[in-house]
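Asks:
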Amino acid sequence: MANLGKILKKTEFFIISGLIILLSSCARMEYFPTANVQTGMASWYGAEFHGKTTSNKEIYDMYDMTAAHNTLPFGTYVMVTNLNNGKSTIVRINDRGPFIEDRIIDLSYAAAKVLDMIDTGTAPVRIEVLEYLAFEKPDQKFSVQVGAFIFKDNAKALKSKLQETYKNVYISLFETSNQTYYRVRVKARDRNSAQTIAQRLLDDGYTVIVLEEE
């Protein structure tokens, strides 16, 4: 009976240990446990997948501001910040991935270029879920974003440089529960005007995004 008691205690120990491991694993898999924020490594994918079908049945466009994530619903917009340089951008989730351990998001080529991580291939990032962006209204105004920073001085320096050539340059603040972003933008009258400004900036060597005014 003593031996049986020891066996039962050992069995109980292994069962409890197994449950602890299982519950710990589940806890690690929980997405965005607090404040809709996740940190980890990002990667990007480009020409090899350009024109192919994404997981939500769209055609992947490496020049669009999109990303792949393993758990977020399709259509979710997130702010992604490169923790190495403070640059940030907004992307829409339209694919699944990445399928490499320790990576949390796979960015399009365009998004990776904005975050300045093309050459490195990967970068530590912070992801923050944003509310769904509204559809364009008839009187919708547009702007061209040239940079987004978590350091105000960086944004002011870019604004000052752009004002030497462009009119209506301003800094737009965007606040989440965890961070304030300083977004450098050039105001445009309408979509066509924004596209013209964007092309000029591209010709000047900047990476830009045409956005709707909030």
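Going by this note's numbering, 44 is the number at position 62 of the sequence shown; the sequence numbering is gapless. Positions of the beta carbon are idealized from the N, C-alpha and C atoms, including for glycine.
For the segment 28 to 57, list the beta strand (DSSP E) runs that are entirely contained and at least 3 residues long, ordered along the chain.
Replies: 48 to 50
Asks: Rounded to whole angstroms, what's the CA-CA distance from leucine 193 to leucine 89? Just pull it up for me.
Replies: 18 angstroms
Asks: What does DSSP give as the partner residue(s) for leucine 155 in the beta ladder?
Replies: DSSP lists Tyr164 as partners of leucine 155.
Asks: Short check: CB of lysine 169 to CB of lysine 141, under 9 angstroms?
Replies: no
Asks: Which residues in the same chain have their Cβ closer than 7 angstroms to the Cβ of leucine 183, if we skip the five residues on either side of it in sequence?
Replies: Val126, Val128 and Val190
Asks: Between Thr162, Ser37 and Val166, which has its C-alpha nearest lysine 138's C-alpha?
Replies: Val166
Asks: Provide the residue(s) that pair with asparagine 64 in DSSP beta bridges, ordered along the chain.
Replies: Val107
Asks: How is valine 192 classed by DSSP in three states: helix, strand or coil?
Replies: DSSP places valine 192 in strand when its eight states are reduced to three.
Asks: Pull up the DSSP beta-bridge partners for tyrosine 59, would you.
Replies: Arg74 and Leu112
Asks: From arginine 74 to asparagine 66, what does the alpha carbon distance come to, in whole angstroms?
Replies: 22 angstroms
Asks: Should methionine 44 and valine 107 be called a contact, given that it needs their Cβ atoms to be closer than 9 angstroms?
Replies: no
Asks: Measure the alpha-carbon distance for tyrosine 152 versus tyrosine 163 and round it to whole angstroms.
Replies: 13 angstroms
Asks: Do serine 175 and glycine 19 count as a contact pair if the criterion is CB distance below 9 angstroms?
Replies: The identity of residue 19 in the sequence shown is valine, whereas the question assumes glycine. In this structure, serine 175 does not lie closer than 9 angstroms to valine 19 by Cβ.
Asks: Taking the alpha-carbon positions, what's the isoleucine 86 to alanine 94 distance?
Replies: 14 angstroms
Asks: Does the beta-carbon of aspartate 77 have 16 or more other beta-carbons within 10 angstroms, so that it is buried, or is it exposed?
Replies: Buried: at least 16 other Cβ atoms inside 10 Å.
Asks: Can alanine 50 and threonine 36 be called in contact, C-beta distance under 9 angstroms?
Replies: Yes, they are a contact pair.
Asks: Leaving out five residues on either side along the sequence, give the residues of the same chain with a beta carbon under 6 angstroms from the beta carbon of lysine 69.
Replies: Leu97 and Asp98
Asks: Give the DSSP-derived three-state secondary structure of aspartate 101 in the structure shown.
Replies: coil
Asks: Starting from glutamine 127, trace the alpha helix (DSSP H) in both directions and tell me its first and last residue.
Replies: It is not in any alpha helix (DSSP H) - glutamine 127 instead sits in the beta strand (DSSP E) that spans 124 to 131.
Asks: The alpha helix (DSSP H) with arginine 173 in it runs from where to where?
Replies: 173 to 185
Asks: Would you mind stating whether glutamine 161 and glutamate 110 have Cβ atoms separated by less than 9 angstroms?
Replies: yes
Asks: Kindly indicate which residue of Phe156, Gln177 and Ala180 has the alpha-carbon position closest to the one of phenylalanine 131.
Replies: For the residues Phe156, Gln177 and Ala180, the minimum Cα distance to phenylalanine 131 belongs to Phe156.
Asks: In angstroms with no decimal places, state the Cα-to-Cα distance between asparagine 150 and tyrosine 27.
Replies: Going from the Cα of asparagine 150 to the Cα of tyrosine 27 covers about 34 angstroms.
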